[in-house]
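Report on one structure; see the data block that follows.
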Amino acid sequence: MENKEKKFLRKGDKIQLKIEGLNMKGRAYGFYKDYENKIFTNINAARDQVVEGIFVKRRRKYELIHCKIVDFAGRKNAIYDEIARQNGGCNYQYYLYNEQLTLKNSNIEKEVKKIAKYDFTFEEPVRSVEVEKYRNKMEFSYGNAVKDGPMILGLHKQNSFHDIVEVDGLKLMDDNFNKIYIFCNDFSKKTGLNFYHRLIHTGFFRNLVIRKADFTKQILVNMVTTTQVENEKKLEFQKGLVGGLLALKLENGFKITGILHTFNDNFSDSVVSEGEEILFGKRDLEEEILGLKFKISPYSFFQTNSKTVEKLYGKVLNYLDEIEGENIHNSVVFDLFSGTGTIGQIVSKKAKQVYGIELVEEAVEKANENVKLNGIENAHFIAGDVFEKLDEFDSDGVKPDIIILDPPRAGVGEKTLSKLLKYDVKDIIYVSCNPKTFNTDLKVLQENGYELVKIATVDMFPFTQHMEVVSRLRKIEK
């Protein structure tokens, strides 16, 4: 192998690479001449396109940097979006929707089949209701396009921690989001205030977060800044922000129902609230999913594709209905990593009792508010680490008949799974936003007597590498 590496490629060589495909993370790769290793590009590209770049080796991986596409192979940008190209978030931007859906689904199917011990049904992928303009949340950052350049609002440029790309017309956000974005970008430049510089910890503007509730037509605007401004200047800024936003003519019946000013002096680049003021309207959004109402706070997690999430949760309900030999209406269901309790409350229509555990306290507060809002009496949510809180259920004599898992990207983990296995439930429904960690957890479950029965992918994120996975597992009868 070493001989081939020296013979064909050296660090710093400029080469052209024909793209063979995209991996699970959506990264384009190809093979150079007789070189055996995959070489990855640091830009988005599609099969048969030719990318030129500089060869490097990083942590046992082979890459091209400073890349550009020199042969598009007849492929146009499928969403005609130069912004997406610069930002890099749309890994499948050169694939038409049907093609990208097939490729993403196929990648996941291949990986699951490597792990699965028994025959299972891999269902047809669930399509996104909307291919463009589907995002119900956008988080923008203030910065500059180049060092020492003027302040702009946008998204981080691909392969850059500092540079920002303006995103007027980004195809993944709707026209109302675009109007709000344009106004805030222009307005903030006129204030004379600068953005927060992470290296020297000075400046005012940090982030703009926009959320919407598709089915109730509500929009929440959250401006995030530091406190590094005098009160008089802050009040002037707030007045101009509210006046300008409320003067916007929004489309399709949407209205701005809340405007927040969040304060964040934390060194972290994450959107963190160290205090806030409600400048207009309400702090929360209210959304309706499958006939239930949900309050969504500015910081709580909620699926980013509202119209397709009904299909996702519908798949969970379908899998519950398919469970053999169980009277679901007499079953106790554990909804673990429950977030704002969306799945648990939807499932409560069928189950005897639902118990949810979620680490984020604010999400649990919203879950319990939503339970009251919907008049649900058989769903209960508590805050805390799943591994630790299961002991409380044990001490109260509460045991599940069915377990629903919807963990974050890190997955459930072997430690927590080991505790869940003690319940010896017949059926598990696992919803995953990360097929890689799903496969890791699946391996543990199989080693402890479970088989994968059925699995489906749900495309919540068109043009990106991400897909949700919904699966049903069953205890093997001895």
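Going by the numbering used here, the first residue of the sequence shown is number 687, and it counts up by one from there.
Where a beta carbon is used, it is the ideal one built from N, C-alpha and C, also for glycine.
- prompt: Counting Cβ pairs, one atom from each stretch, are 3 or more of them under 8 Å apart for the region 1088 to 1096 and the region 1051 to 1062?
  reply: no
message: Given a cut-off of 8 Å on the beta-carbon distance, is the pair Ser814 and Thr994 in contact?
response: yes
query: With a Cβ-Cβ cutoff of 8 Å, do Val832 and Leu841 count as a contact?
result: no
Residue interval of the beta strand (DSSP E) (run including Ala1142): 1136 to 1144
field: The alpha helix (DSSP H) enclosing Thr1028, as first and last residue numbers
entry: 1028 to 1033
- prompt: According to DSSP, which residues form a beta bridge with Leu946?
  reply: Asn908, Ile964
Endpoints, alpha helix (DSSP H) assigned at Val1057: 1047 to 1059
query: Is Leu858 near Val915, with beta carbons less than 8 Å apart?
result: no
message: Can you look up Val958 in the DSSP assignment and give me helix, strand or coil?
response: coil
- request: Could you spell out where the alpha helix (DSSP H) holding Asn1004 opens and where it closes?
  value: 992 to 1008
message: Please report the distance separating the alpha-carbon of Lys1035 from that of Asp834.
response: 57 Å
message: Going by C-alpha to C-alpha distance, which of Ile866, Leu1106, Phe863 sits closest to Tyr1136?
response: Leu1106
- prompt: How many whole angstroms separate the CB atoms of Ile740 and Ile751, which I take to be in contact at a CB cut-off of 8 Å?
  reply: 5 Å
query: If we ignore side chains and look at the alpha-carbon of each, how far apart do Ile701 and Thr1150 end up?
result: 27 Å
field: Val1033 to Ala1065 span [Cα, whole Å]
entry: 9 Å
- prompt: With DSSP run on the structure shown, which of helix, strand or coil describes Cys870?
  reply: helix
field: Cutoff 7 Å; reference Asn689; Cβ partners in own chain excluding five residues on either side
entry: Interpretation of Asn689 is limited by its pLDDT of 48, a score under 50 that renders its predicted location unreliable; no figure is taken from the coordinates.
query: From Gly930, Phe901, Val817, His947, pick the residue whose C-alpha is nearest to that of Asn908; which is it?
result: His947
- request: Check each candidate in Val958, Phe987, Glu960 and name the one with the smallest Cα separation from Asp970.
  value: Phe987
field: Simplified DSSP assignment, three categories, for Asn864
entry: helix
- prompt: In terms of alpha-carbon separation, which member of Phe1124, Gly1042, Arg733, Asn1056 lies closest to Ile1088?
  reply: Gly1042
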